[in-house]
Amino acid sequence: MKFLRPAAAFAVRLSAFLAAAPAFGQAEPEIVAAPDVLTEPVEIATPAMWRVADENSEAILIGTFHILPPSLEWRNDAVSAAFDNAGVVWFEVDANAPDAQSKTLNTVMTQGFNPQGVTLSNMLDQSDAQQLREIAGELQLPFAAIDTMRPWNAFLTLSVQFIINQGFQPGAGVDSVLLADAKAAGKDVRFFETIEEQLAFFTGLSPEVEKELLLITIRDWDKQAAAFDDLFTAWATGDVDVIDVNMNEDMREQAPEVYDRLIVERNAAWAEALDAALKQESGAVFVAVGAAHLVGGEFSVPALMKAKGYEVSRYGVEPANDNEPVE
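If you want it as structure tokens, here you go:
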């Protein structure tokens with residue numbers, strides 16, 4: 000189940016489109032109240048943050064959650080101060096832009112479905128196919144539509160719809176909220192990736208890997224709620240060790256090629272881009288990217304920036320963000 004979670008966290012970037020795409024034949028999802036998903040409820044979330052600085056520049060990095068309950072308050076004083084002070088704000092991708100939405104739709108329609116006559120039911124053994132049918136019913140998704148999808152598309156659709164059914168909404172995610180605010184405030188908004196690059200992670204998966212992702216989703220479905228609760232609680236309390244265990248650890252060990260592509264290679268590219276920007280410009284910068292990219296030792300973005308000579312420390316509020324130096 001742990002191997003599923005990092006990909007699911009990446010998948011929620013596409014949730015605004017996947018949740019309602021008419022091509023999937025989905026029924027309008029039922030709007031439900033957000034459950035008490037936090038193991039230990041908090042008055043305000045304290046996402047993990049870092050300070051990266053040299054003599055001329057300072058960047059505050061926040062680990063985001065791409066889809067959240069609308070009622071959750073996460074914009075604490077530390078987040079607000081760092082964001083308001085920044086003239087430049089970096090995000091992973093502008094996934095909600097009309098052009099990105101159009102490209103996402105085109106990619107799903109042209110690369111997200113099996114050739115005519117090929118179905119997931121035929122690819123899977125009987126018990127897995129039956130479990131897939133039951134999951135689709137549980138999520139109120141038409142099995143006939145799911146059955147025609149490529150495994151990566153089905154995996155994304157099931158994962159995202161599960162999260163939405165818990166009362167989470169893509170528009171309430173940290174990235175979406177901060178991106179809208181940054182644009183409204185006239186800040187210099189920049190992106191590490193294009194939507195094509197993010198989509199290519201899934202469209203470029205080998206048939207074996209994408210099928211394995213779907214099988215893990217199906218076979219561990221009963222563990223989904225508890226696993227997601229653990230991940231969400233860790234994010235909301237800024238527990239970087241648990242975030243790493245839940246999002247990266249098993250992927251590093253069980254699927255190193257996926258980990259390299261999803262985490263290591265992207266982190267390296269982002270660190271290079273951020274380093275270049277900080278060297279060329281002075282002032283305050285704010286960086287909002289998925290929490291999985293900021294934890295996990297030597298390949299995390301904070302560790303990579305420290306290796307480049309920057310002063311790197313935890314930033315924010317106690318006790319979750321205790322300003323401990325990055326090891």
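Numbering-wise, numbering that gives the first Met the number 0 puts 0 at position 1 of the sequence shown, and it's gapless, one number per residue.
Built from N, CA and C at the ideal position, the CB exists for glycine as well.
With distance defined between alpha-carbon atoms, name the residue in the options nearest to residue i.
{"i": "Gln165", "options": "Phe154, Ala143 and Glu137", "result": "Glu137"}
{"i": "Leu332", "options": "Met148, Ile59, Gln197 and Thr147", "result": "With the chain covering 0 to 326 only, the question about residue 332 has no answer from this structure."}
{"i": "Val263", "options": "Ala235, Met250 and Ala275", "result": "Met250"}
{"i": "Gly289", "options": "Gln160, Met148 and Glu192", "result": "Glu192"}
{"i": "Ala181", "options": "Phe298, Ala52, Asp93 and Asp53", "result": "Asp93"}
{"i": "Met246", "options": "Glu280, Gln279, Gly282 and Val294", "result": "Val294"}
{"i": "Ser281", "options": "Thr45, Ser312, Val51 and Ile43", "result": "Val51"}
{"i": "Gly170", "options": "Trp151, Glu252, Ser70 and Leu131", "result": "Ser70"}
{"i": "Lys328", "options": "Glu211, Ala199 and Tyr258", "result": "This structure leaves residue 328 out entirely; the chain is present only between 0 and 326."}
{"i": "Ile194", "options": "Lys210, Glu256 and Leu104", "result": "Leu104"}
{"i": "Ala184", "options": "Val286, Val87, Val257 and Leu60", "result": "Val87"}
{"i": "Asn152", "options": "Lys222, Pro97 and Glu211", "result": "Glu211"}
{"i": "Asp83", "options": "Asp53, Ala283, Phe231 and Gly116", "result": "Ala283"}
{"i": "Glu209", "options": "Arg132, Ser312 and Val257", "result": "Val257"}
{"i": "Leu213", "options": "Gln139, Val107 and Met122", "result": "Met122"}
Is residue i buried or exposed, if buried means 16 or more other CB atoms sit within 10 Å of its CB?
{"i": "Gly296", "result": "exposed"}
{"i": "Ala32", "result": "For Ala32, the predicted model reports a pLDDT of 41, less than 50, meaning its position is unreliable; a value from the coordinates is still stated below. Classification for Ala32: exposed."}
{"i": "Glu57", "result": "buried"}
{"i": "Met304", "result": "buried"}
{"i": "Pro301", "result": "buried"}
{"i": "Asp229", "result": "buried"}
{"i": "Val36", "result": "At Val36 the pLDDT is 48, less than 50, meaning the model places this residue with poor confidence; the figure from the coordinates comes in the next sentence. Buried."}
{"i": "Gln160", "result": "buried"}
{"i": "Thr109", "result": "exposed"}
{"i": "Ser299", "result": "buried"}
{"i": "Lys278", "result": "exposed"}
{"i": "Gly62", "result": "buried"}
{"i": "Glu91", "result": "buried"}
{"i": "Ile43", "result": "exposed"}
{"i": "Ala254", "result": "buried"}
{"i": "Ala287", "result": "buried"}
{"i": "Gly111", "result": "buried"}
{"i": "Glu207", "result": "exposed"}
{"i": "Ala96", "result": "exposed"}
{"i": "Val117", "result": "exposed"}
Since I believe residue j is in contact with residue i (beta carbons under 8 Å), could you give me their beta-carbon distance rounded to a whole number of angstroms?
{"i": "Ala85", "j": "Lys186", "result": "7 Å"}
{"i": "Asp243", "j": "His65", "result": "Going by Cβ atoms, the distance from Asp243 to His65 rounds to 17 Å, so no, they are not a contact pair."}
{"i": "Trp49", "j": "Arg189", "result": "Contact flag wrong, Cβ pair sits at about 18 Å."}
{"i": "Leu119", "j": "Asp146", "result": "5 Å"}
{"i": "Arg74", "j": "Asn113", "result": "Incorrect: roughly 43 Å between the Cβ atoms, too far for contact."}
{"i": "Phe201", "j": "Leu157", "result": "Actually they are not in contact, since the Cβ atoms of Phe201 and Leu157 sit about 13 Å apart, beyond 8 Å."}
{"i": "Pro330", "j": "Gly203", "result": "The chain is shown only over 0 to 326; residue 330 falls outside these bounds and no answer can be derived."}
{"i": "Ala235", "j": "Val241", "result": "Wrong, their Cβ atoms sit about 11 Å apart, outside the cutoff."}
{"i": "Ala77", "j": "Tyr314", "result": "7 Å"}
{"i": "Ile340", "j": "Trp220", "result": "There is simply no residue 340 to check, as the chain begins at 0 and stops at 326 in what is shown."}
{"i": "Gly172", "j": "Leu60", "result": "Incorrect: roughly 17 Å between the Cβ atoms, too far for contact."}
Kindly list the residues whose CB is nearer than 6 Å to the CB of residue i, restricted to its own chain and excluding five residues on each side of it in sequence; keep chain order.
{"i": "Asp127", "result": "Ile217"}
{"i": "Lys307", "result": "Asp274"}
{"i": "Ala224", "result": "none"}
{"i": "Ala268", "result": "none"}
{"i": "Gln130", "result": "Ile217"}
{"i": "Gln125", "result": "none"}
{"i": "Glu310", "result": "Ala52"}
Can you name, in chain order, every residue of its own chain whose Cβ lies under 8 Å from the Cβ of residue i, other than the five neighbours on each side?
{"i": "Arg265", "result": "Phe191, Glu192 and His292"}
For residue i, which residues from the same chain have a beta carbon less than 7 Å from its beta carbon, with the 5 sequence-adjacent residues on both sides left out?
{"i": "Ile30", "result": "For Ile30, the predicted structure reports a pLDDT of 37, less than 50, and the residue's modelled location is therefore unreliable. The matter cannot be settled from this model."}
{"i": "Val239", "result": "Ala47 and Val294"}
field: 3-residue-minimum beta strand (DSSP E) runs that sit fully inside the region 42 to 107, ordered along the chain
entry: 48 to 52, 56 to 63 and 87 to 90
- prompt: Unbroken alpha helix (DSSP H) runs of length 4 or more, entirely within the region 103 to 134: which are they?
  reply: For the region 103 to 134, whole alpha helix (DSSP H) runs of length 4 or above, ordered along the chain, are 119 to 122.
- request: Pick out the complete beta strand (DSSP E) segments inside the region 187 to 218, 3 residues or longer, and give them in chain order.
  value: 187 to 190
message: Report the start-end ranges of each beta strand (DSSP E) in the region 259 to 301 that is 3 residues or longer and not cut off at the edges.
response: 282 to 289
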